[in-house]
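Asks: Pasting a structure below so you can have a look.
Number of protein chains: 2
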Amino acid sequence: MERRPRVRMIEVARAAGVSHSTASRALNGSGKVSEAARQAVERAARDLGYVRDLRAADLASSRAATVGLLIRAAERPFYGELAARVQAHTEQRDYDLLTVSGGDDLDHQIRALETLLGHGAGGILIASGRAAAEAIEYASSFVPTVTVGVGLVRPGIDAVDIAVESEQELAEAVAEAGHKHVAVTASSNRLAYALHSRTANFLTSLVLADVRTTIVPSRADGDERLIKGLRSALDAGVTAVMAGEDLTAVRVIEQLVEWGLRCPEDVSVTGFDGAGAYRSPLLGLTTVAQPVEDMTGAAVDLLQTRMAGGRVDTAGLRFPGQLVRGRTLGPPPDLGGA
Amino acid sequence: MERRPRVRMIEVARAAGVSHSTASRALNGSGKVSEAARQAVERAARDLGYVRDLRAADLASSRAATVGLLIRAAERPFYGELAARVQAHTEQRDYDLLTVSGGDDLDHQIRALETLLGHGAGGILIASGRAAAEAIEYASSFVPTVTVGVGLVRPGIDAVDIAVESEQELAEAVAEAGHKHVAVTASSNRLAYALHSRTANFLTSLVLADVRTTIVPSRADGDERLIKGLRSALDAGVTAVMAGEDLTAVRVIEQLVEWGLRCPEDVSVTGFDGAGAYRSPLLGLTTVAQPVEDMTGAAVDLLQTRMAGGRVDTAGLRFPGQLVRGRTLGPPPDLGGA
DNA sequence: TTGTAGGCGTTATCAA
DNA sequence: TTGATAACGCCTACAA
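Right, dumping it as structure tokens:
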């Protein structure tokens, strides 16, 4: 494959018979350029297959036309959907988007942020249920930063999340189904703020509804503790499990099947996020679909305002999600005979 | 939030009492620097919170440390998984990764590629079942380009795909289940090469197995034609539907349910891709899991070699996928009584 | 409206 | 080993 040489603006200018400053002005539509010059430049650019070097352009103009997005794990439907929506919103506002998916630990996150910053991100979006507070503050110390679905509200840092009411609604639905003893999964990762606050909200709502609760540890990898905890929860009489994420819910159900238990006849299970296949009626998972579109739209809006130096007074925006009533939540098995 | 001013290398140099050239050498480990100077610079950099401006660095060194990834739709599990794996592989090789998810049409794709190129991508990975040949050639005319799962083999352009055998295997499984008349979905989008070749492979295998075939149109959006086609296929006596993607398979099953038909008792359905939730035993979809890890690893390897100017002799690499035997493929209903 | 000149933050060359 | 000095490709006063 023969590659065409990267043509520079000066070559376009020469071909058009103007100076490179005129070419620059013609190409980015700024300043006054005669119609003749503009057309000549545009034609030359097209003919030569010119592609502007955005690094040099940003550098020279010390402008910030790029937004950086840090997501937790691109392979997870929730984050994938989020990235796709953010992409759409930034594109619509003529920002370039650089996406990196950072790890679960602070080191990886800092390095990912450095990549973003190094490539000239003028604003950063952090969408990771496991973003470290230090990472968020690090980013924020350089450029405007908005968190999405992180569940961690820090003073001075914009945050967009799902409304607490949506988490409560799910817990109430479980209570209303008649369950009297419910297990809630809790991540042991100290960075999982989103999960922690979710767990806390579930627990609060359940307790208020006079439901007994049990905690089951969940971990991103290594199911051992989850399975063990699940087993003892069931032995303790739990009739429903509220998982913090759809992924965990599905793992729980699979484990139940393995034990010969049916869902929801024997045990009810709920998830959270409701992205992609997880909200398919075919799977029938009872979950809450996060308002990804609303959240990302607001986040990009907010970021744009901040990047433009505007002031906004928002301690934290919250949007309601949508309860998806699947088939995995039902009444508890009738134990009257016992 | 007060932002710290972006400190430049020259400031680090001053703080360390050396020239910026020395600071540069110390910071990127190139050239000879005295131990004393190196430590002073490193300390100054840390103290000042220095973050190197990669735009300027790349510009000055005219080096290509960045790989661009164009994926079709970040929200789709298959592409999400792909992006995540590519990220891991590039990171491991010390490349930065810029990801953009391009649209379904040529215009969007070209613009996305320009963004990548503009930010200094020295090599491009195209992972989109709908990448236009023009887009691929466009990218390839500038920098080394490797396609992943595009299903379009062009001379001179490296391609990594799933092995045809894996597609055949699925079709054979359908035939072996006893189906004598099978519908295959076919995208009407002229850019959907991957789907086209998949459809073709399905059809070929089915015909070789002496199975009658029918085509059902499928489209990314607007289910009308899919539903109508499905209806007439069923009326024509089809007992199994082979969809080109899991997403389509799920839609087909949902539609069957709506018509009061059971899967697989009345109609069998198979998918393709097997990413994330789609290969969960809970869903039970019969599909083929693409060898995403193998494909992305090979693609990044290949790209790295090309970027380094190396020569490789590969008309197209292919890796076998894994047949996932779910519950949506069964024997055809016994029509003996009719 | 146009061109000249200087600068954006790095790296690279070449004397010292 | 170090430090001037010149690129890298572009934008942008400023002057013409």
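Chains as they are written, first to last, in numbering that gives the first Met the number 0: chain A, 0 to 337; chain B, 0 to 337.
Glycine included, every Cβ here is placed at the ideal spot set by N, Cα and C.
1. In three-state terms, what does DSSP make of LEU255/A?
2. Determine the chain A residues that contact VAL249/B at a beta-carbon separation under 8 Å, and present them in chain order.
3. Give every residue of the same chain whose Cβ lies closer than 7 Å to the Cβ of PHE339/B, excluding the five residues on either side of it in the sequence, and list them in chain order.
4. Name the DSSP beta bridge partners of PHE318/B, please?
5. On the criterion of 16 or more Cβ atoms from any shown chain inside 10 Å, does THR313/A qualify as buried, or is it exposed?
6. Give me, in chain order, the residues of the same chain whose beta-carbon lies closer than 6 Å to that of PHE201/B; leave out the 5 immediate sequence neighbours on both sides.
7. Using three-state DSSP, classify ARG75/A as helix, strand or coil.
8. For a test of the three-state rule: what should DSSP assign to LEU81/B, helix, strand or coil?
9. According to a CB-to-CB cut-off of less than 7 Å, which residues of the stretch 100 to 121 of chain A neighbour chain B?
10. Taking the straight line between their C-alpha atoms, what separation do you get for ARG7/B and ASP93/B?
11. Is the beta carbon of ALA39/A sitting closer than 7 Å to the one on VAL11/A?
12. Run down chain A in chain order and give the residues with a C-beta less than 7 Å from the C-beta of ILE252/B.
13. Between GLY177/B, ALA59/B, ARG2/B and LEU151/B, which has its C-alpha nearest SER23/B's C-alpha?
14. Using a Cβ-Cβ cut-off of 7 Å (strictly less than) and excluding sequence neighbours within five positions of ALA131/B, which residues of its own chain qualify?
15. Mind listing the chain A neighbours of SER60/B? Cutoff is C-beta to C-beta under 8 Å, in chain order.
16. Going by the DSSP bridge assignment, what does MET241/B pair with across the sheet?
17. Here's the rule: buried if 16 or more other CB atoms are within 10 angstroms of the residue's CB, otherwise exposed. What is ARG45/B?
18. Just verifying my parser: in three-state terms, what is the DSSP assignment at GLY336/A?
19. If you draw a straight line from the alpha carbon of ALA56/B to that of THR304/B, how long is it in whole angstroms?
20. Answer with buried or exposed for ALA35/A, where buried requires no fewer than 16 other C-beta atoms within 10 angstroms of its C-beta.
21. Could you work out which residue in THR327/A, VAL291/A, MET306/A and GLY329/A is closest to ARG84/A when comparing CA atoms only?
22. Suppose contacts are defined by Cβ-Cβ distances below 7 Å. Is GLY320/A in contact with ALA288/A by that definition?
23. Taking buried to mean at least 16 other C-beta atoms within 10 Å of its own C-beta, is PRO154/B buried or exposed?
24. Once the 5 residues before and after GLY335/B are set aside, which same chain residues still bring their CB inside 6 Å of it?
25. According to DSSP, is THR114/A helix, strand or coil?
26. Checking 7 Å against the spacing of the C-beta atoms, do THR146/A and ALA158/A come in under that value?
27. Rounded to whole angstroms, how far is the Cβ of ASP245/A from the Cβ of GLY270/A, which I believe are closer than 8 Å?
28. Once you ignore the five residues that flank GLN254/B on each side, which residues in its own chain have a CB closer than 7 Å to its CB?
29. Assuming ALA128/B and LEU194/B form a contact by the criterion Cβ under 8 Å, report the distance between their Cβ atoms to the nearest whole angstrom.
30. With 16 as the cutoff for other CB atoms within 10 Å, does VAL311/A come out buried or exposed?
31. Does ASP103/B come out as helix, strand or coil in the three-state DSSP assignment?
32. Would SER279/B and VAL206/A be called neighbours here (beta carbons separated by less than 7 Å)?
33. Determine whether the beta carbon atoms of ALA232/B and VAL251/B lie at a separation below 7 Å.
34. Quick one: does GLU41/B have its CB under 7 Å from some CB of chain A?
35. Report the rounded CA-to-CA distance for ARG317/B versus LEU68/B, giving the unit in angstroms.
36. Name the chain A residues whose beta carbon is nearer than 8 Å to that of ASP272/B?
Replies: Quick answer:
1. Residue 255/A sits at position 256 when you count from the first residue of the first sequence. It is helical.
2. Position 250 of the second sequence, counted from the start, is the residue given in the question as residue 249/B. The answer, in chain order, is ALA276, SER279 and LEU281.
3. Residue coverage of chain B in this structure runs from 0 to 337, which leaves residue 339/B outside it and unanswerable.
4. Along the second sequence, read from residue 1 onward, the residue named residue 318/B stands at position 319. Its beta-bridge partners are ILE161/B.
5. As a position in the first sequence, residue 313/A is number 314, starting the count at 1. THR313/A is exposed by the Cβ-count criterion.
6. Here residue 201/B refers to the residue found at position 202 when the second sequence is read from its first residue. Once the five neighbours on either side are set aside, the close Cβ partners of PHE201/B are ALA170, VAL183 and MET241.
7. If you number the first sequence from 1, residue 75/A lands on position 76. Looking at ARG75/A - three-state DSSP - the assignment turns out to be coil, as it is neither helix nor strand.
8. Here residue 81/B is taken as the residue at index 82 of the second sequence, counted from 1. It is helical.
9. Cβ contacts with chain B: SER100, GLU113, THR114, LEU116, GLY117, HIS118 and GLY119.
10. For the purposes of this step, residue 7/B is taken as the residue at position 8 of the second sequence. For the purposes of this step, residue 93/B is taken as the residue at position 94 of the second sequence. Answer to the nearest angstrom: the Cα atoms are 23 Å apart.
11. The sequence position of residue 39/A within the first sequence is 40, counting from 1. The sequence position of residue 11/A within the first sequence is 12, counting from 1. Their beta carbons are not under 7 Å apart, which means ALA39/A does not touch VAL11/A by this criterion.
12. Translated into positions along the second sequence, residue 252/B becomes position 253. What ILE252/B touches in chain A: LEU281.
13. In the second sequence, counting from the first residue as 1, residue 23/B sits at position 24. Ranking GLY177/B, ALA59/B, ARG2/B and LEU151/B by Cα distance to SER23/B puts ALA59/B first.
14. Along the second sequence, read from residue 1 onward, the residue named residue 131/B stands at position 132. Within the same chain, LEU105, GLN108 and LEU190 come within 7 Å of ALA131/B by CB-CB distance, once the 5 residues on both sides are set aside.
15. Working through the second sequence from its first residue, we reach residue 60/B at position 61. Chain A residues near SER60/B: none, gap ~12 Å exceeds 8 Å.
16. On the second sequence, position 242 is the one that residue 241/B refers to. MET241/B is bridged to VAL183/B and THR269/B.
17. Mapped onto the second sequence, residue 45/B falls at position 46. With fewer than 16 Cβ atoms within 10 Å of its Cβ, ARG45/B is classed as exposed.
18. Translated into the one-based positions of the first sequence, residue 336/A becomes position 337. Confidence at GLY336/A is low in this model, with a pLDDT of 39, below 50, so the placement of that residue is unreliable and no value is reported for it.
19. In the second sequence, residue 56/B corresponds to position 57, counting from 1. In the second sequence, residue 304/B corresponds to position 305, counting from 1. About 22 Å.
20. As a first step, residue 35/A must be located in the first sequence, where it is residue number 36. It is exposed - the Cβ of ALA35/A has fewer than 16 other Cβ atoms within 10 Å.
21. Working through the first sequence from its first residue, we reach residue 84/A at position 85. For the residues THR327/A, VAL291/A, MET306/A and GLY329/A, the minimum Cα distance to ARG84/A belongs to VAL291/A.
22. What you label residue 320/A is simply residue 321 of the first sequence in a count that begins at 1. What you label residue 288/A is simply residue 289 of the first sequence in a count that begins at 1. Yes, the Cβ-Cβ distance between GLY320/A and ALA288/A is below 7 Å.
23. Counted from its first residue, the second sequence places residue 154/B at position 155. When all chains shown are included, PRO154/B counts as exposed.
24. Counting from 1 along the second sequence, the entry for residue 335/B is found at position 336. In this prediction, GLY335/B scores a pLDDT of 45, lower than 50, which makes its location untrustworthy; the coordinate-derived value is nonetheless stated afterwards. Beyond the five residues adjoining it in sequence on each side, GLY335/B comes within less than 6 Å, by CB distance, of no other residue in the same chain.
25. Residue mapping note: residue 114/A aligns to position 115 of the first sequence, counting from 1. THR114/A carries a helical assignment under DSSP once its states are collapsed to helix, strand and coil.
26. Against the first sequence, residue 146/A aligns to sequence position 147. Against the first sequence, residue 158/A aligns to sequence position 159. Cβ atoms of THR146/A and ALA158/A: closer than 7 Å.
27. As a position in the first sequence, residue 245/A is number 246, starting the count at 1. As a position in the first sequence, residue 270/A is number 271, starting the count at 1. Confirmed, about 4 Å.
28. Translated into the one-based positions of the second sequence, residue 254/B becomes position 255. The answer, listed in chain order, is ILE226 and LEU229.
29. Indexing the second sequence from 1 puts residue 128/B at position 129. Indexing the second sequence from 1 puts residue 194/B at position 195. Just to set this straight, residue 128/B is Gly in the shown sequence, not Ala. 6 Å between Cβ atoms; contact.
30. Taking the first residue of the first sequence as 1, we reach residue 311/A at position 312. By the 10 Å Cβ count, VAL311/A comes out exposed.
31. As a first step, residue 103/B is located in the second sequence; it is residue number 104 there, counting from the start. It is coil, neither helix nor strand.
32. Numbered from 1 along the second sequence, position 280 holds the residue referred to as residue 279/B. Numbered from 1 along the first sequence, position 207 holds the residue referred to as residue 206/A. The beta carbons of SER279/B and VAL206/A sit no closer together than 7 Å.
33. Numbered from 1 along the second sequence, position 233 holds the residue referred to as residue 232/B. Numbered from 1 along the second sequence, position 252 holds the residue referred to as residue 251/B. Result no, Cβ atoms of ALA232/B and VAL251/B do not sit closer than 7 Å.
34. Within the second sequence, residue 41/B is the residue found at index 42, counting from 1. Not one beta carbon of chain A lies nearer than 7 Å to the beta carbon of GLU41/B.
35. Looking up residue 317/B in the second sequence gives position 318. Looking up residue 68/B in the second sequence gives position 69. Answer to the nearest angstrom: the Cα atoms are 20 Å apart.
36. Translated into positions along the second sequence, residue 272/B becomes position 273. Residues of chain A whose Cβ lies closer than 8 Å to the Cβ of ASP272/B do not exist, since the nearest Cβ in that chain is about 11 Å away.
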